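**Student:** Input: one structure, supplied below.
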Amino acid sequence: MECHVEKNKIQCTCTYEPCSRKGKCCECIAYHRKQNQLPGCFFPPDVERTYDRSIARFIQSYRG
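Rendered as structure tokens:
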């Protein structure tokens with residue numbers, strides 16, 4: 039499978055600039071899964087900027 043890093047970077051909403059996984063979605067997902075987290079792109083922009091990638095924060099973000 040071919041990775042389209044530059045194309046992915048255009049759509050990446052992660053604001054953590056020194057991230058070496060930006061645009062490499064499979065690496066990003068694997069990294070956050072290992073940390074028991076979700077990638078920043080799963081969160082609303084205001085929550086993403088807090089860098090709290092926890093599953094609990096994800097659930098809290100989308101509860102009505």
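When we follow my numbering, the leftmost residue of the sequence shown carries the number 39, and every step to the right adds one. No residue lacks a Cβ here, since even glycine has one placed at the ideal position from N, Cα and C. All values derive from a computational prediction rather than experimental measurement.
Taking the alpha carbon of residue 81 as the reference point, which residue from 65, 42, 99 has its own alpha carbon closest?
**Tutor:** Ranking 65, 42, 99 by Cα distance to residue 81 puts 99 first.
**Student:** Taking the runs of the alpha helix (DSSP H) that are 4 residues or longer, which of them lie wholly in the segment 39 to 80?
**Tutor:** Qualifying alpha helix (DSSP H) stretches, in chain order: 43 to 49, 63 to 72.
**Student:** From 60, 52, 51, pick the residue whose C-alpha is nearest to that of residue 44; which is it?
**Tutor:** Here the closest residue by C-alpha is 60.
**Student:** Spell out the partners DSSP gives residue 92 in its beta bridges.
**Tutor:** According to DSSP, which records beta bridges pairwise, residue 92 is partnered with 75.
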